[in-house]
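Protein chains in written order, with the working numbering: chain C, 424 to 753; chain X, 424 to 753.
Protein chains: 2
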Amino acid sequence: MTLPAPTFADIEAAAARLAGHAVVTPLLSSPEIDAAVGGRVLVKAECLQRTGSFKFRGAFNTIAQLPEKERRQGVLAWSSGNHAQAVAAAARHFGIPAVIIMPADAPAVKIANTRALGGEVILYDRRTESREAIGGKLAAERGLAVVRPYDDSRIIAGQGTAGLEAARQAEALGVCVDQAVVPASGGGLVAGVALGVHGVFPGCAVWAAEPQGFDDLRRSIEAGSPVPHESSGSTLCDALLATQPGDIPFAVHRDHLMGGVAMDDGAVLSAMRTAFDRLKIVLEPGGAIALAAILSGAVPGHGRVSLVIASGGNVDPATYRSALAATPFA
Amino acid sequence: MTLPAPTFADIEAAAARLAGHAVVTPLLSSPEIDAAVGGRVLVKAECLQRTGSFKFRGAFNTIAQLPEKERRQGVLAWSSGNHAQAVAAAARHFGIPAVIIMPADAPAVKIANTRALGGEVILYDRRTESREAIGGKLAAERGLAVVRPYDDSRIIAGQGTAGLEAARQAEALGVCVDQAVVPASGGGLVAGVALGVHGVFPGCAVWAAEPQGFDDLRRSIEAGSPVPHESSGSTLCDALLATQPGDIPFAVHRDHLMGGVAMDDGAVLSAMRTAFDRLKIVLEPGGAIALAAILSGAVPGHGRVSLVIASGGNVDPATYRSALAATPFA
């Protein structure tokens, strides 16, 4: 099902739908981070969201809008992990079955959590199989509604509530947000956050942060249409592996984004370590990439108020040990 | 200066004083923790407070009430680290000097942070020297106001705002808190939290959680008067080393506490790991001890709503690595 891109009103409606179900996550700050950047940095701690990432917002907003008869059949999703847990948790809330297609090399913690939330997990090989093909076939056979990870207006509107909420929290602090930096893979979060923030601060510059070699959104914005990245490399950011922006998110990106920046694993680990030292939140690599962009200066924060979306915290202890060994930025 | 024990009205006044200066920390929860305990567990994430622990509340509330002329001279505090950072940060807010007496074996991160916040740090040997004696002498020489760590009504009222805030957050969720578990050393936090929570939920059972071998508050409650612990042992909980409850806190404990429980390092590390996995917050050992008490069953949480104060997150990476290696409770 292709839907038109959401509007600010759709994000406000999603926020009303999520009230009492999603966590109102805090906007954190640190004098040491502000001093290192030379500006004010407001960190939206979506790692504290239900299921440990922002993905719960979009999954809940989508499943809540399925017609009752369709919803009762259950839902299906494909995901490297955070969308998986989010769909499983939202499905459990509505008392319906959830089938989740996950790559066999997804972090063990994400697979285990998805199962613990009642999701039926089906593993596939990310290098040789198509999750869309496996998922589409299964959904048709079992009559399940597909909850897409990003290429859906309802998902984008749900993720956008993180941006709207952060903008209103900044307003309550008496602060105007000059720029926002948002992790990007398929681009649903950064599209939604851009819409949500622009409803409150129309002049805010919105940037996407992507892993080095996986910066398809940056290339797409420069090309003016969705183009895939060229990498066959690897990144620690297991949550940010989509090969190109979704069509619906990109329709928003084109109008609302300044551009994208690409961060390497070293900067991401240093940002995770900085969040450990200064913010006392646990971030996964993909969840720390926007913070890395500000702290490294890839998006200059000097003299500005920057909103950073810290999108998730589902990380294995082994990866976290690497972050503890990294040199913090602040 | 000895002041009478604070009242609920003092805690409300402290909350008004702190508004806009302290972080309103979130009340976190996790379905996995609730399932493991068999009850509802609400975690007050004071690790997200300014300077990484609840101590900012009491320090700010005390310094704010010093007469202007006295305050201008500056303040002095002794602390293993969290009170040190809090007093330095609050002093910086008021633009006054802060001298901090710290044990030479305090975590490096706490000493470094206190200095970074503008505090003049003076180190002493915890085994052979008296911090009260060193501090008293210096305060007299330089005309500094002593900001005590716990034996002061203004400090207790400030710390109590964490309990009042948590109780009001629980109320907003439509939940009645049956019991509260609070880390204890000198006992300022647990005294204040008991007063704050009892103003909203008069029937709430309040428990102190202490390190094994350092359970002077449990012994004191049983004895009916402050008695020192007998340990010459060690604990990972560097924030919880006071040898006996303060006189003013104990006047509150006697009327407001059910008792105390003692937790070993293994349980504390497992609770830190559980907070990493399920709550995505960074806790230091002393900050995780109340969570350990509930998760281990030392304070039974089955069928109850339990408020847990997660009091701080200032932990060295080396200690955190031990927590990552521990087996989580949930």
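Glycine included, every Cβ here is placed at the ideal spot set by N, Cα and C.
Name, please, each residue of chain X whose Cβ falls closer than 9 Å to the Cβ of residue i.
{"i": "V460(C)", "result": "Result: empty, since nearest Cβ-Cβ is about 15 Å, beyond 9 Å."}
Kindly indicate if chain C contains any beta-carbon less than 8 Å away from that of residue i.
{"i": "V705(X)", "result": "yes"}
{"i": "F755(X)", "result": "Missing from the structure shown is residue 755(X); chain X here goes from 424 to 753 and no further."}
{"i": "C470(X)", "result": "yes"}
Report all residues from its chain with a CB closer than 8 Å to the CB of residue i; omit the five preceding and five following residues, and keep chain order.
{"i": "T750(C)", "result": "S693 and R696"}
{"i": "V446(C)", "result": "L471, Q472 and R473"}
{"i": "A563(C)", "result": "none"}
{"i": "S729(X)", "result": "V460, G462, R463, V464, L465, V600, D601, Q602, A603, V604, I717 and V722"}
{"i": "G689(X)", "result": "A749"}
{"i": "L499(C)", "result": "A521, V522, I523, I524, G558, L561, A562, R565, L567, A568, V569 and V570"}
{"i": "L747(C)", "result": "R696 and F699"}
Hey, does residue i have any beta-carbon neighbour from chain X nearer than 8 Å?
{"i": "G736(C)", "result": "yes"}
{"i": "G475(C)", "result": "yes"}
{"i": "P449(C)", "result": "yes"}
Run the CB neighbour count on residue i, radius 10 Å, all protein chains shown included, and call it buried at 16 or more, exposed below.
{"i": "S734(C)", "result": "buried"}
{"i": "R571(X)", "result": "buried"}
{"i": "T551(C)", "result": "exposed"}
{"i": "E469(C)", "result": "buried"}
{"i": "R701(C)", "result": "buried"}
{"i": "M424(C)", "result": "Because M424(C) sits at a pLDDT of 47, beneath the cut-off of 50, its placement in the model cannot be relied upon, and the point is left open."}
{"i": "D678(X)", "result": "exposed"}
{"i": "L450(X)", "result": "buried"}
{"i": "A509(C)", "result": "buried"}
{"i": "K492(X)", "result": "exposed"}
{"i": "P651(X)", "result": "exposed"}
Are residue i and residue j closer than 8 Å when you measure CB to CB?
{"i": "W501(C)", "j": "G558(C)", "result": "yes"}
{"i": "S576(X)", "j": "L663(X)", "result": "no"}
{"i": "G611(X)", "j": "P672(X)", "result": "yes"}
{"i": "V675(X)", "j": "A428(X)", "result": "yes"}
{"i": "G615(C)", "j": "G586(C)", "result": "yes"}
{"i": "P606(C)", "j": "I704(C)", "result": "no"}
{"i": "I434(X)", "j": "L714(X)", "result": "no"}
{"i": "H506(C)", "j": "K478(C)", "result": "yes"}
{"i": "T658(C)", "j": "L441(C)", "result": "no"}
Cutting at 6 Å between CB atoms, please list the residues of its own chain near residue i, excluding the five before and the five after it.
{"i": "G409(X)", "result": "This structure leaves residue 409(X) out entirely; chain X is present only between 424 and 753."}
{"i": "A685(X)", "result": "E633, Q635 and D638"}
{"i": "A628(C)", "result": "Q602 and M681"}
{"i": "V581(X)", "result": "This sequence places Gly at residue 581(X); Val is not what is there. So the list reads A437, R480, G481 and N484, once near-sequence residues are dropped."}
{"i": "Q488(C)", "result": "R577"}
{"i": "V738(X)", "result": "E707"}
{"i": "V623(C)", "result": "A590"}
{"i": "E455(X)", "result": "R701 and A753"}
{"i": "P490(C)", "result": "none"}
Listing by chain order, which chain C residues have their CB less than 8 Å from the CB of residue i?
{"i": "A539(X)", "result": "E455"}
Which chain C residues sit within Cβ distance under 9 Å of residue i?
{"i": "L747(X)", "result": "P740, A741, Y743, R744 and L747"}
So is the beta-carbon of residue i under 7 Å away from any non-hydrogen atom of the ligand ZN?
{"i": "Y547(X)", "result": "For the ligand ZN, the structure offers nothing, since it holds no ligand at all."}
Got a sec? Which residues, its chain only, sit under 7 Å from residue i by beta carbon, not counting five neighbours each side?
{"i": "C660(X)", "result": "P634, V691, P708, G709 and I712"}
{"i": "A511(X)", "result": "A521, I523, T537, L540, G541 and G542"}
{"i": "G626(C)", "result": "none"}
{"i": "R744(C)", "result": "none"}
{"i": "G754(X)", "result": "The structure shown has nothing for residue 754(X), since chain X only spans 424 to 753."}
{"i": "Q592(C)", "result": "L450"}
{"i": "S654(C)", "result": "G636 and F637"}
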